[in-house]
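Using the numbering used here, the first residue of the sequence shown is number 1, and each one after it goes up by one.
This report refers to the structure that appears directly beneath it.
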Amino acid sequence: MTMTISVRVTPVTAKKSSGQRRHDLRAQTPDYVDTDRTKDNSVLIEPPTVDELRADIAKGRKRAGQQSLRGDARIAVAGIITWGHEAQGVIDSLSREEQDALYKRVAQRISTESGHELIGLVVHRDESAPHAHFMLRGYRRDEDGKELPWRKDKAFMRRLQDIAGEEVQALGIERGTPKEERIERGDDASKVVHRTVQELHRDLPKERDALLKTLEEQRAKALKNRRLIDEQERKLQEGRVEEEKAQKRIEAYARREAEAAAKVQELEAKVQELEQQL
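The following block contains the structure:
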């Protein structure tokens, strides 16, 4: 089932927040980006600079009589909204305005539920799959004006998926299944373990190319054994080989051909699956 929405959030330091901001605003463009489509991206809320964000939090802490902000403090929470393969088609069928409104609704709902202000939201349409990056203020102010850092348990992180699913259920899209549940039900662990968008862009083409190479090797093996079978049958008809020896060889070649053909079928399915992800 790939009619799903998934949300991931990670508290980040100033350094990582700065890098994410450059990525979101395309001040730093990865190799896998289609620059011809960058103009189609939407900057719905431009994230503040690290200096601006840090100064704002530090000011609030000083006003509340709290200790100075540490240098390694996680001043922001970086988030991403992604879609399952089938859901991507649904999202792509919406107008740009409808997509922007949808992303904003999901991000704002997460902000409200977490109590952390939404300070950045950028939609990317220049990569292999549509998605949006959002940023939350790493600290929230309580009723006494104190700046409190992001502290969320696993239950809340699971709740995020429910929140996202509720906002898009009218489109027939549902929440993604949590990693723990997928592992418990026996899903392939290699497919469950999270990889970032950058890692997927880096790894999937390599995995596909490796599979294609193995696929061609198995196809060649199947063809080779088919030629050997034809050769033995021809020699047998011409009386150039004993029937018993020919039959044993034909059986061995046929077995190898069948094994290679089965592997070809399996590899073709894996390649198709990777192509869909790409």
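Glycine is no exception: its CB is placed at the ideal position from the N, C-alpha and C atoms.
None of the values given here were measured: they were computed from a predicted structure.
Item: Inter-residue Cα distance where the pair is V193 and G60; Value: With a pLDDT of 47 at V193, under the threshold of 50, the predicted position of this residue should be treated as unreliable, and no value is reported.
Item: Buried or exposed by the 16-neighbour rule on C-beta atoms within 10 Å, applied to V43; Value: exposed
Item: Close-in-space but distant-in-sequence residues of the same chain around S18 (CB under 8 Å, 5 per side omitted); Value: T49 and V50
Item: One or two residues paired with V123 in a DSSP bridge; Value: S42 and A132
Item: Short Cβ contact (8 Å threshold) for A78 with T35; Value: no
Item: For R256 and A222, the rounded distance between their alpha carbons; Value: 7 Å
Item: Completely contained alpha helix (DSSP H) runs for the stretch 129 to 170, where each covers 4 or more residues; Value: 154 to 168
Item: Alpha-carbon to alpha-carbon, H116 and K152; Value: 11 Å
Item: Spatial neighbours of E147 in its chain, beta-carbon cut-off 7 Å, leaving aside the 5 residues before and after; Value: I57, G60, R61, A64, Q66, Y139 and R141
Item: Beta-carbon proximity list for G172, same chain, < 8 Å, skipping 5 on both sides; Value: M3 and V90
Item: Simplified DSSP assignment, three categories, for V9; Value: strand
Item: Buried versus exposed, by CB contacts within 10 Å (16 or more), G176; Value: buried
Item: Residue range of the unbroken beta strand (DSSP E) whose run includes V77; Value: A76 to W83
Item: Anticipated Cβ contact below 8 Å, I81 with A107, distance rounded; Value: 7 Å
Item: Residues that DSSP places opposite E174 in a beta bridge; Value: T4
Item: Inter-residue Cα distance where the pair is E86 and S111; Value: 27 Å
Item: Helix, strand or coil at L118 [DSSP, three-state]; Value: strand
Item: N-terminal and C-terminal residue of the alpha helix (DSSP H) that L94 is part of; Value: Premise fails: L94 is in no alpha helix (DSSP H) and is neither H nor E.
Item: Neighbourhood of I119 by C-beta, 8 Å cutoff - its chain only, sequence neighbours within 5 removed; Value: I45, P47, P48, L53, A76, M135, L136 and R137
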